[in-house]
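Residue numbers (full-length UniProt numbering), protein chains in the order written: chain E, 1 to 812; chain G, 1 to 812.
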C-alpha cells in the first residue's frame, strides 16, 4: 500500500536485494481484477489463460527503446506473436492501389520480427515443457517497474507426472542498450530428473500473417536471408539481411551455466538457427541455472564481419559485467527515472498501478532510442507496421520532455536526421521547406491513404511545436544549434508556402486533415492553423536567437517578417451564431450524426464509409478540444468551455488519442469527475484492452496520457512561452496526488490534496512558477498554496453508447 | 464536296450501288492531313504506318452498341490491341488497397477481349501475308459513315516477289445485333498462285498487359476457359466462360466461298481455336472470295447448349440474309440516322468530316445496346476498363435523346435494371434511395478511389436529369411507368436524405465531388446542388403525373412536399465581393494555381498530388460553367458571363469532357470564335489524338460534344421544362450550319447562315419553338428569322500553356 505522502521523503528505491530472488513474486494483492494483482510497483498475472497469451505478450513486453521483446515464454510456445524488434529495422513492402495517383508512396516499411534470442526450450525427461499439456500447478508472471525485469515462476507437472519448478527473469538493459539477458532456473521436484535445455537464436519464426493483404504477408513471411552463422564454446552468432530494404542484423548469444554435477553441452549454428544444448541429470533439491546474454546490432551500411564483431564485442562486455551487475544497473537506472517522473495518488490503488505501468512503458519506448523514433506501439508489437505518427511529438514527448528530457531530445534528433527526406517529400509534392511523413519508420512516407496521410500536414507543425517545447523546457543549446533551428526554419518555410493570404489579408491553410480523422481534407482546421502559427513564431524566435545558424540556412529578414505576418493573420473559424469555434471552416453547418443509429457500431470507421463520416458533425478524437489545451493561451476560458460543451458530445473517441486530451480540457473547465473518468479510459486502454487490439502492441501515446492527465489535467500545468504554471484541483475520487518534473536545471515535485498544493524544489536553481494565476519563486523552501474551490459543474452528455469506460468493479 | 444547303432537299442517301464494290475507296480528297483524306462521308487512311496501328484500330472500330470490333487487319498482325468486345461482358479483378476502408469495392469489373472472329489469315504460296514484310505497294482503309462498313484495299508484294490485291469489307450489323460479317477477296496479280485462307475464331489472344497492375494483368491474361468447341462443314462454334465473373460467351462462324475451280477446305474446332482452312490455286485475273459470318452471344445465366443454339440460330439467319442484304440493311439504317441527326456546315471541310465521324461513332456506341450501358469508350478499346461513367447521361444522351431517342431510352432502361444494386449500395453506405456507381459495367461500383468515386454523387443526379430530359423530349409513357418514375423517386430519396437543412433553413449537400476532379470532397458544389434540385423537382412532377406508380413505391404527399422544399432551399454559393458563383463553398477563397510553373506539366494529375490540386483554384474540366449551360434557367446572363470569365482562365481542360461544355457556354455569352476553337478541340480529340491515348479507345462523350456544340452552342438550343428554344449565331469561320432534331413526334431541321435562321418541320405535328426569345409555332411552312447581331466580345485569357488546340495547318 502506498503511503500517500511518501514522495516528500523518498528519494530512491535503492534496496535491490529483494529483486535478487527470481521467485520474488508477491502474494496476491488487492482485488485481483482483469487477472492482474493490484500492486503499486508490479504487474502480475497468475494462472494460465491461453486467450490472454497475445495480450500479455504486449503488456509484459520489455524494451529499452532500441530492442523490444514481447513477453513470450522462454519455451517458445504457446505463443501468438513471438516478437523481437530493433528500432529502425524494417522490410519494404509494395503498396498497392486500385487507382494510383501522383506522389503515392510505392512501398512502405514494416517492422520485422528479427532473430529471436528469448527462446530456451526445456525437455523434462522425454517430454517438452509446454503449458498447453500436463498440469500447471502454479504459474505467475510479473513485470516489475523498479527492477525493469519480467519474472516468471511456474510449477508444472508433465503429462507423465514429473514436476518441475521454473523460475526465470529477463531484462533488456537500459544501461547497455544492445544487450538482453535471461536467467533461467529449473528445479526437479520430488525426484532426480534428466533435463535438456536448448537455448536458441532463431530467425524467420512462423508468424500469424495478415490474410487480407498478400503483399504485407509476403514481406513478413521469412523476411530474413542468412548471411553468416557461426559458433564456438557457449557462444553463437547469426547474421541475416532483409530481402528488399537492404538492412543487416546480427544477433549473438553466450551462456553461463550452473549445474550440479556434469552436463553435456553442445552448440551449433546454421542458417536460421543457432543452438546451445545442455543435457544434465539434476538431483531433486538442486537447480539447473542458465544465464543467457544476447547482443543485437543492425546496420544499413556496415558489413557482415563488422556487424558480427560489434555484437560479439557487446556480448563480451555483457558477460564481463554479469547478470547481477546488469540487474543492479537496471535498478539504478529506474530509481533515477522514478525519482524524476513518479506520480503517486491516493484513493484508487488500481489506477496507481496503471499509472506506473504507463510511465514505465513510455520510458521503455523512449529511453535508449538514440536518434531513432518512438513508434506508436513502441517496440511491443507489430501493430501499425511499427510506424511512428504524430502521437510521438504530441503525446509522448510532452511527458518525456519534463521527465527524461534526453530521450525527448534524441527523438527530435531522429526527426532532424530525416529532414532531407522531408524536404525531398515537400519538393515532390510541390511545396517548400519540409513535409514530415504521416507514418514512417525511417523518414519515408508510408501512408497509402492520402486524405489522412499527406493532407495531415499538422504532423510537421507538431514536430516544430515539440522542438519549441523542448527548447523552452531544457535550454539545450547544442540541440538548438545542431537541429532545432533547422527543423523550425524548414517547417516554417513549408507552412508559409503552403498557406496563403486571402483577399482580406487572412492567412488560410486549406485542404488539410486535422487530428480528427472523421473529418478530412478541409479548410482552416483550427488545430492545424494554431499549431502552424506556433511553429512560425517559434521559428522567428529561434532565428533571432541563433542568427549564425539562420544565416547558414539562408533565412532573410523578409522571410522571418513574413512568417510573423502569416502567424498573426491566421484564420481561426468561429461560429458567431452558435458561439463556438469551428473545428474547421463550415464544420458547425454540417449535418448531425445519428448517434442513436450508430449505437454499438464502433469504431465507426469499420461500419461507415469515410465519405459519410467526413460530411457530418461526428468527431473521432479530440481536435478542437485538444487545441484548447495545447494552445490554451489563444482561447478565453469561456471559449474553452463552449468548445468542450459543443465537441465532447459529438466525439466518439474511436482513437486512443482522444480520452487523455479531453480529460485535460475537462479538468480545466471544471468537469473534474468527468476528467477522472476520461483519464481512466486512457490509462486502462491497454491493461483492460479497451480497443480489443492490445495483442498487436501497446498504445504508447494513450499511456503517456496518464502523465499528461495527472500533470496538465489535475495539476493544471501549462508551459506557454517557457512559463510553467499550475492550477491544481483534484477529482472527488482522489484524496491526494503528487507528480515530479524537470524544468531546465530544476527538479520539482508538486503534491496536491483537496485543499492545498505544495511545491518543492528537489534540486537545481530556484524557478518561477504560478499557482492558479499567482506567480511565485520556488527555491529551497516548499511553498504551500490553497486551492480555490469551485462549484461542481455538470458536464455535457457523452454520445449515446460512447460513455467513458468504467471499470466494472469500481463504483463511480 | 458538300452542297451547303442540300439539307433542305435531301432526304435519304438511298443509292447503295456505289457501296457494292469493295474497292470503292475514293481518290485523295482535300488536303490529306493527319494522314486522313478530307471527305465528308468517309474517313480514309492511306499507306502503312506501324506507329498508327493502335490509333487506327480505335478510329476504325465498328460497333452496334452490342458488339464492338477494333479496326484490326484480317490477317491478325501487325496489331496493338486485337479487341472484340461484347457490351456487358466482363471479368472480375481484385481491387487492392494500401489501406482499406469500409465500403471500398473488393473487386472491379474489366472488359475482356472475347473470341476474335475478325481473323482471316492468308498464305501466298508459302509466305504469310504480313504488312511488316515484303512491300506494300498500295494500302488504304476507309470507314464509311453511310454504309457503316470498314473497307480496305491492299496491293502487296511478298518478300519473294508475288503480288496480290486484297479487298475486304467488314460490318457489325445495326439491324441484326448479334452478327458480324466480313467479305474478303484475294486476287493474284501477274501469275497464278496457290493461296491458303485460314478463317479463325480465336479466344485468349495475347494482349499487351498493363505492367503496373499485376492483378489487372492477371484478370486480362487468358481470361476465358473453354467450355465447348465444335465444327461441321463450313461452320464452327466456341463457347467459353470467364474464371471469376461466371459469364459465358459463345461465338459461331460460317462461311461462303467463291473460288474459281477447286479448293480444299477443312475445318477444326478445339479449345481456344476454331479454323476453316481453304487452299486453292487461283488463276491470275480471278479472285478467291470468302464471306464470313460470325454470331456472338453471352449470358450470365443461360447454359452452354442454350448459348450455342442461340448463336447458331443467329448465324443461320445471317447466312440466309446474305452479305448483300446485310449491307443494304446497314445502309438503310444509316440513312435513317443521317436523316434525323446529320449536321452540315460550310467553311471547314475537315471539321465537317470530323463532325460526321463523331456522330457516327456515337451512334455505334449506343445504337443497339438494348438495356446495356454506353461505356466511356464505347466498344472501341479497353480504356477505363470498359466502364460507364456520368459521361453517358450528361454528354452522350443529350445527343441521342434528340436524334436516336430509342437508344437513349434503352440506356436508361439499363440504369433501371441496375437499380437494385444502386439501392444496395446506398444502404451499404448508410444512405436512403439509390446511389449509382461512379464507374461500372454491370451496376456494381468499381471505383477504388472514393473521393472521386463514391463522393461523386452527382452521377445519380445526372441519371435523374437524363430521365427528365428524355421524358420531356419523347413523352415515352411506357418508359415513365416502367422505369422513369422509380428512378426519379429513388434518386430523389437519396438526395433528400443525403443533404440536410442547416439552422437557417438552407439545404446543404456536403462532402461531395463535383464534375471538376481537381476539387474533391467539398461542400455545396453548385453543379451537384442544381442537378439534385432538378432531380428532386422532376421526381415531384413524375409522382404527380403517375400517382399509381408512386403509390406502389410508397411515396407519400409529405415526401414529395419535402423534396420540393429541399429543391427550393438549395444552397448555391455565391461570392458577393467577387461577383461570381463559387464552384463550391469557399472556392474563390482558395489559393491561386501557379500556371507559370505548371506550363508543360499537363495533365496536372500526373505531375501534382491530388492534395495540392484540390486546395487551389485550378479546375480540370468545366464544372460551374457546365452548370450555367445545363441549368441555364437558374442564372442571369450576367452571372453566366461572370462565371465564364472567372472559371475559363483557371480551367486546364485535362479532361476530354471540358472543351465541349465550355464551347456551349462561350457561344452563349458571345465568345463565338473561342467557342469554335473549343468545339474543334473536342471534335478532334480522337482524330488528332490530343490526349495521346486514342489507341485504348475513343472518347465517346467528347465526340457527342460535336453535336452539342453545334446544336446547343451555335444553335443555342435549350430545353428547359420541355420548351425547345434556339438562339443561333455562327462563329466567323462558318458560313452555314444546319442540324436536325427529333422532339416528341416532330422532326425538325434548323439551317443557320450569318444573318438568318430557317426552321423547317420535316414531319410530325406542329411544335412551339423560340428564336432568340421570340416564340413561334413551326408547322408545314418554314420559318426564317433574322439573327440579332452582337458586337464581338473579347474573351478572357486561357491559362498559359492551355490554349485551345489549333490544327497546325488551319489559320485561326
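In this text, a Cβ means the ideal position worked out from N, Cα and C, and glycines have one as well. Note that the structure is a prediction, hence the values are computed from the model and not measured.
DSSP-derived helix/strand/coil call for residue i
| i | result |
| --- | --- |
| residue 694/G | helix |
| residue 406/E | helix |
| residue 645/G | helix |
| residue 307/E | helix |
| residue 629/G | helix |
| residue 271/E | coil |
| residue 231/G | strand |
| residue 797/E | coil |
| residue 390/G | coil |
| residue 194/G | strand |
| residue 322/G | helix |
Extent of the continuous alpha helix (DSSP H) to which residue i belongs
| i | result |
| --- | --- |
| residue 351/E | 349–366 |
| residue 441/E | Residue 441/E -> no alpha helix (DSSP H), and no H or E assigned at all. |
| residue 840/G | Here chain G covers residues 1 to 812 and nothing more, so residue 840/G does not appear. |
| residue 679/G | 672–687 |
| residue 497/G | 485–498 |
| residue 612/E | 610–614 |
CB contact below 8 Å: residue i versus chain E
| i | result |
| --- | --- |
| residue 608/G | yes |
| residue 455/G | yes |
| residue 451/G | yes |
| residue 521/G | yes |
| residue 387/G | no |
| residue 1/G | The predicted model places residue 1/G with a pLDDT of 31, which falls under 50 and marks its position as unreliable, so this point remains unresolved. |
| residue 611/G | yes |
Beta carbon proximity, residue i to chain G, threshold 8 Å
| i | result |
| --- | --- |
| residue 244/E | no |
| residue 591/E | yes |
| residue 791/E | no |
| residue 425/E | no |
| residue 809/E | no |
| residue 599/E | no |
| residue 99/E | yes |
Boundaries of the beta strand (DSSP E) in which residue i is found, first to last residue
| i | result |
| --- | --- |
| residue 739/G | 736–743 |
| residue 343/G | 343–346 |
| residue 68/G | 67–69 |
| residue 296/G | 288–299 |
| residue 720/E | 718–720 |
Exercise. Counting Cβ pairs, one atom from each stretch, are 3 or more of them under 8 Å apart for the stretch 346–366 of chain G and the stretch 697–717 of chain G?
Worked result: Of all C-beta pairs linking the stretch 346–366 of chain G to the stretch 697–717 of chain G, three or more are shorter than 8 Å, placing the two stretches in contact.
For this session: Report yes or no: do the stretch 281–293 of chain G and the stretch 251–263 of chain G share at least 3 C-beta pairs separated by less than 8 Å?
Result: By the Cβ test, the stretch 281–293 of chain G is in contact with the stretch 251–263 of chain G, since at least three Cβ pairs between them sit closer than 8 Å.
Exercise. When the Cβ atoms of the stretch 642–660 of chain E are set against those of the stretch 538–550 of chain G, are three or more pairs found closer than 8 Å?
Worked result: Fewer than three Cβ pairs drawn from the stretch 642–660 of chain E and the stretch 538–550 of chain G lie within less than 8 Å of each other, which leaves the two stretches out of contact.
Exercise. At what residue ranges does the stretch 563–608 of chain E contain a whole run of the alpha helix (DSSP H), taking only runs of 4 or more?
Worked result: With a minimum length of 4 residues, the continuous alpha helix (DSSP H) runs that stay inside the stretch 563–608 of chain E are 595–598.
For this session: Give a yes or no on contact between the stretch 567–578 of chain G and the stretch 481–493 of chain E, applying the rule of three or more CB pairs nearer than 8 Å.
Result: Counting Cβ pairs under 8 Å, fewer than three are found: no touch.
Problem set entry | Sufficient close CB pairs (3 or more, under 8 Å) joining the stretch 114–125 of chain G to the stretch 71–78 of chain G | By the Cβ criterion, the stretch 114–125 of chain G is in contact with the stretch 71–78 of chain G, since at least three pairs of Cβ atoms, one from each stretch, lie closer than 8 Å.
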